[in-house]
Amino acid sequence: MMQQGNSDAFDQIFEKYKNEAVRTAYLITGRKSICEDIAQEAFIKCFKHIGDLQNPNGFHAWFFRILTRTAWKFGRSASREIPMDNMAEKVEESNLDLLNEQYSAVEENRLLYSEINHLEPKQKTVIILYYFNGLSTKEIAKVCRCLEGTVKSRLFSARKKLKARLYSVNHSGEECGDLCRPQKYLKKI
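For the sequence shown, my numbering assigns the number 7 to the initial residue and increments by one for each residue that follows.
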């Protein structure tokens, strides 16, 4: 229906994907100030080019291809850092164990996001789409217009780089636990 220019159908699509689009734009660029603009621009492009969509069942991958390319364009000049403001929730002072656990989790998240930001854009994108948006490797292949094997290779390489970087960050020289197994740790997020 959306392909015939039905604005109600487009409104439904917008409501369904807007939060995921803003989050993805934020994760790719790391800039809160432009993530809504990126999502809006992607929806505008989507609306303008909806006639180009050959398979309506492939909308999800088609839209995320538009979104990721728009985010890359906006983010080229932007810093690649993802700020981790306000990650910790307020905790009662009487529960020191819980406080320490939450502090550790916040620090692990901060470290993980920081290391994700050091990945090449294509590796960063597949990590974000796979772990944060739950897309399958097949869907990511459609988004990135590459073979599924390429997506798997990028995921493997990204995990390997994350593991090496996280291991090198550990100053004590000891094993760094789950952080050195980013594929396991990313599933927790």
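All C-beta atoms, glycine included, are put in the ideal place defined by N, C-alpha and C.
**Q.** residue 123 - DSSP class collapsed to helix/strand/coil
**A.** Assignment of residue 123 by DSSP, reduced to helix, strand and coil, places it in the coil class.
Q.
Determine whether the beta carbon atoms of residue 80 and residue 40 lie at a separation below 9 Å.
A. Cβ atoms of residue 80 and residue 40: closer than 9 Å.
Q: Could you give the DSSP three-state label for residue 153: helix, strand or coil?
A: The answer is coil: DSSP assigns residue 153 none of H, G, I, E or B.
Q) Is the CB of residue 144 under 9 Å away from at least one CB in chain D? A) Any reference to chain D falls outside this structure, which holds one protein chain only.
Q. Residue 131 to residue 124, Cα distance in whole Å?
A. Distance between the alpha carbons of residue 131 and residue 124: 12 Å.
**Q.** Buried or exposed by the 16-neighbour rule on C-beta atoms within 10 Å, applied to residue 129
**A.** Residue environment analysis places residue 129 among the buried positions, since at least 16 neighbouring C-beta atoms fall within 10 angstroms of its C-beta.
Q.
Once DSSP output is grouped into helix, strand and coil, what is the label at residue 60?
A. Reduced to three states, the DSSP call for residue 60 is coil.
Q. Can you tell me the Cα-Cα spacing of residue 53 and residue 138, whole angstroms?
A. Here the alpha carbon of residue 53 sits roughly 25 Å from the alpha carbon of residue 138.
Q) Can you find at least 3 beta carbon pairs, one from the segment 153–168 and one from the segment 69–80, that sit closer than 8 Å? A) The segment 69–80 and the segment 153–168 do not touch, with fewer than three beta-carbon pairs separated by less than 8 Å.
Q: Could you please give the first and the last residue of the uninterrupted alpha helix (DSSP H) stretch that includes residue 33?
A: Judged by DSSP secondary structure, residue 33 falls within the alpha helix (DSSP H) whose first and last residues are 13–35.
(Q) Measuring only the C-alpha atoms, how far is residue 20 from residue 163? (A) Their Cα atoms are separated by approximately 33 Å.
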